[in-house]
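Some notes on the structure that comes next.
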Amino acid sequence: MDEYQKDYVAPNVYSIAESKVEEHYCPRVICSNDRVIGFLMYCVEVDPPDETLFWLFRFMIGKDHQAKGYGTKALQMAIDEMAAKGAKRIRTMYKSSNNIAGKLYKKMGFIETGEYDERGDIILELNISLQKNAN
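Under our numbering, the residue at position 70 of the sequence shown is numbered 222, and the numbers go up by one with no gaps.
Written out as structure tokens, the structure reads:
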């Protein structure tokens, strides 16, 4: 990540440690040509339990690999994986200052819900059936 992006997402080592404690967290390394270029993590909603609602709460692409289409491909793969696990809706969030993330999520069919998380991040939601119909 570029220096200015460090406030946008938690460090990967923290996320991996979290996934060892929270068994429902699913960390994924993003690779291209056997090189690690990014990281994402998602989970099913547990509070209250909803096996059709998933959260993508970590997503980053290394600074040298940005603006090359990797984010779009990785996000679609994550959406497909969550859908295969039963997701009907996927929620994510981004900081209002992170225009690049906002554009990517909206390009992929996510819609702002009008809600904000506890850090003030904008919450978006993807309805899987609507996204599949658009593609």
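In this text, a Cβ means the ideal position worked out from N, Cα and C, and glycines have one as well.
Quick caveat: nothing in here was measured; it's all calculated off a predicted structure.
{"Query": "For a test of the three-state rule: what should DSSP assign to M234, helix, strand or coil?", "Result": "helix"}
{"Query": "Does the segment 214 to 222 come close enough to the segment 258 to 277 that 3 or more CB-CB pairs lie under 8 angstroms?", "Result": "no"}
{"Query": "Assign F262 to one of three DSSP states: helix, strand, or coil.", "Result": "coil"}
{"Query": "Could you tell me which of M193, L278, V181 sits nearest to K240, measuring between CA atoms?", "Result": "L278"}
{"Query": "With a CB to CB cut of under 6 angstroms and the five nearest residues on each side skipped, what residues in its chain are close to E267?", "Result": "I275"}
{"Query": "Does DSSP put D273 in a helix, in a strand, or in coil?", "Result": "coil"}
{"Query": "Excluding the 5 residues flanking F182 on each side, which residues of the same chain have their C-beta closer than 8 angstroms to its C-beta?", "Result": "Correcting the residue identity first, residue 182 is Ile in this sequence and not Phe. Closer than 8 angstroms at the Cβ level, and outside the excluded window around I182, lie V188, I189, G190, F191, L192, I213, Y222, A226."}
{"Query": "DSSP has T244 in a bridge; who is on the other side?", "Result": "L208, L276"}
{"Query": "Mark R271 as exposed unless 16 or more other C-beta atoms lie within 10 angstroms of its C-beta, in which case mark it buried.", "Result": "exposed"}
{"Query": "By Cβ distance, which residues of its chain are closer than 7 angstroms to E203, with the 5 residues on each side in sequence left out?", "Result": "V196, G238"}
{"Query": "Would you give the residue range spanned by the beta strand (DSSP E) that E197 belongs to?", "Result": "187 to 198"}
{"Query": "Applying the 10 Å Cβ sphere with the 16-neighbour rule, what's the burial state of N251?", "Result": "exposed"}
{"Query": "Please report the straight-line C-alpha distance between F209 and N185, rounded to a whole angstrom.", "Result": "25 angstroms"}
{"Query": "Does DSSP put S249 in a helix, in a strand, or in coil?", "Result": "coil"}
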